[in-house]
Amino acid sequence: MAVNLTMVRHRFDIVKEFRQPSDVAVNGEGDIYVVDGVNHCVKVFGGDGRFLFRFGTRGAGRGEFSYPLGIDIDQQGRVYIADTGNRRIQIFTARGRFLSLVPVESTGEKPADPVDIGVTRDGTVGFVSDNDNHHILKYDLVSGRLLARFGKPGIERKEFRYPFLVSLYKDKYLHIVDVINTRVQVLTDTGKFVTFIGDWGVEKGQFFRPKGVAVDRDGLVYVSDSYMGVIQVFTSEGHFESVIGDPETGTVKRFKTPVGIYVDRDDRLYVVEMFGERVSVFDLVKN
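Each residue of the sequence shown is one higher than the one before, counting from 1 in UniProt numbering.
Below is the structure:
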């Protein structure tokens with residue numbers, strides 16, 4: 001079956017004693033932040049891939065982590081980490097200095113399981129995916145107050161089965177990887193259903209095990225499939241657009257367990273290859 005390809009030009013790989021890294025984000029200065037969860041830390045690199053510093057160690061104190069998974073960065077450069085094992089969100093300066101934390105409440109049958117956060121550009125509101133309880137929690141990140149809960153277990157609109165990584169576009173559209181339902185679900189910041197992206201399968205526009213999602217400046221949505229080892233591209237309405245391709249072979253680009261992904265303002269694609277234990281950086285070649 002013929003398939004449209006969005007080619008990428010390889011820039012470099014980041015390899016820094018990772019142990020199952022899970023997510024990546026880039027700040028306004030171009031610095032690259034990688035959640036290195038099994039090492040219980042965040043590692044930071046320059047825009048050229050050069051190692052700069054790390055922060056965090058294993059523990060339950062301020063600035064310590066227990067198997068963190070997700071990350072986001074606001075316009076001021078503050079860093080937000082889903083400290084999953086400690087059931088909280090921690091907030092840091094761009095240099096990794098601890099600022100504050102928000103405990104994530106259990107509003108379901110199981111203990112809270114915060115695996116990712118999408119943050120408004122001003123850093124005042126965060127949307128947390130509670131994986132084990134199958135819903136999204138909306139927090140005031142200044143006061144720590146829970147504002148709303150979106151969703152419940154199930155397969156219909158506004159229902160989830162293990163929501164995972166998220167991406168917030170223009171402070172309004174929350175893209176949520178709905179892993180076992182094999183789709184991305186898009187909600188507004190008030191919890192209104194917008195659309196589904198993808199469904200189950202192994203053909204174009206379908207997913208087997210989606211894990212990561214990113215939205216570029218044009219509103220195109222990128223979704224990683226950790227089992228199939230591919231990244232697909234969709235329109236904001238959820239229509240299939242293309243698959244990331246390899247210009248050297250002219251075929252679909254294959255990754256080793258792609259999980260967290262990010263597209264920056266310069267159309268660079270960052271891919272966390274969890275079991276490859278690296279972050280691969282590419283230029284998107286757009287038509």
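Think of the CB as a built atom: it goes at the ideal place given N, C-alpha and C, for glycine as much as any other residue.
Residue of the options minimising C-alpha distance to residue i
i	options	result
Phe-18	Val-272, Val-26 and Asn-27	Val-272
Val-49	Tyr-270, Tyr-139, Val-104 and Gly-28	For clarity, residue 49 is Gly in the given sequence; the question names Val instead. Nearest of Tyr-270, Tyr-139, Val-104 and Gly-28 to Gly-49, Cα basis: Tyr-270.
Leu-284	Asp-225, Asp-218 and Ile-81	Asp-218
Leu-168	Ala-2, Phe-55 and Tyr-262	Tyr-262
Gly-70	Lys-286, Val-259 and Arg-268	Val-259
Asp-13	Gly-212, Phe-51 and Gly-191	Phe-51
Asp-171	Arg-58, Arg-121 and Ser-236	Arg-121
Gly-85	Val-115, Ser-236 and Asp-74	Val-115
Lys-192	Asp-264, Arg-157, Pro-210 and Thr-249	Arg-157
Val-104	Asp-140, Thr-93 and Ile-73	Asp-140
Beta-carbon contacts of residue i that lie in its chain and below 6 Å, excluding the five residues immediately before and after
i	result
Val-34	Pro-21, Val-24, Lys-43 and Val-279
Asp-113	Asp-130, Asn-131 and Asp-132
Gly-144	Val-102
Lys-138	Phe-127, Leu-147 and Ala-148
Asp-63	The sequence given here places Gly at residue 63; Asp does not occur at that position. Around Gly-63: Phe-98.
Gln-232	Val-223 and Val-243
Leu-220	Val-233
Gln-90	Ile-81, Asp-83 and Leu-101
Limits of the unbroken beta strand (DSSP E) element including residue i
i	result
Lys-138	135–140
Arg-19	Here Arg-19 belongs to no beta strand (DSSP E), and DSSP marks it neither H nor E.
Glu-105	Where Glu-105 is concerned, there is no enclosing beta strand (DSSP E), given that its DSSP letter is neither H nor E.
Arg-254	No beta strand (DSSP E) holds Arg-254; DSSP gives it neither H nor E.
Ser-236	Per DSSP, Ser-236 belongs to no beta strand (DSSP E) and is neither H nor E.
Phe-12	5–14
Glu-109	Where Glu-109 is concerned, there is no enclosing beta strand (DSSP E), given that its DSSP letter is neither H nor E.
Arg-278	278–285
Ala-25	23–26
Lys-172	Careful: Lys-172 lies outside any beta strand (DSSP E) and carries neither H nor E.
Arg-97	Where Arg-97 is concerned, there is no enclosing beta strand (DSSP E), given that its DSSP letter is neither H nor E.
Phe-45	41–45
Glu-273	268–273
Asp-31	Per DSSP, Asp-31 belongs to no beta strand (DSSP E) and is neither H nor E.
Cβ separation of residue i and residue j, assumed to be a contact under 8 Å, to the nearest whole Å
i	j	result
Thr-257	Phe-275	4 Å
Phe-208	Val-202	6 Å
Tyr-80	Ile-117	5 Å
Trp-200	Thr-182	4 Å
Gly-56	Phe-65	5 Å
Pro-111	Arg-87	6 Å
Gly-30	Gly-47	3 Å
Heavy atom of the ligand GTP within 7 Å of residue i beta-carbon
i	result
Pro-111	Here there are no bound small molecules, and the ligand GTP is not part of this structure.
7 Å CB neighbourhood of residue i in its chain, flanking five on each side removed
i	result
Lys-152	His-134, His-135 and Glu-159
Asp-178	Phe-160, Arg-161, Pro-163, Val-184 and Gln-185
Beta-carbon contacts of residue i that lie in its chain and below 8 Å, excluding the five residues immediately before and after
i	result
Val-252	Val-3, Leu-5, Val-230, Val-243, Ile-244, Gly-245 and Asp-246
Lys-286	Thr-6 and Asp-267
Val-213	Leu-165, Val-166, Ser-167, His-175, Ile-176, Val-177, Val-184, Val-221, Tyr-222, Val-223, Ser-224 and Ile-261
C-beta neighbour in chain B for residue i, strict 8 Å
i	result
Arg-78	The structure shown contains no chain B; it holds only a single protein chain.
Entirely within the stretch 178–227 and at least 3 residues each: give me those beta strand (DSSP E) ranges in chain order. 183–188, 193–197, 210–215 and 221–225
What are the start and end residues of each continuous beta strand (DSSP E) run of 3 or more residues lying completely inside the UniProt repeat "NHL" (52–95), in chain order? 71–73, 79–83 and 88–92
List in chain order: all unbroken beta strand (DSSP E) runs of 3+ residues lying wholly within the stretch 111–165. 114–119, 125–130, 135–140 and 146–150
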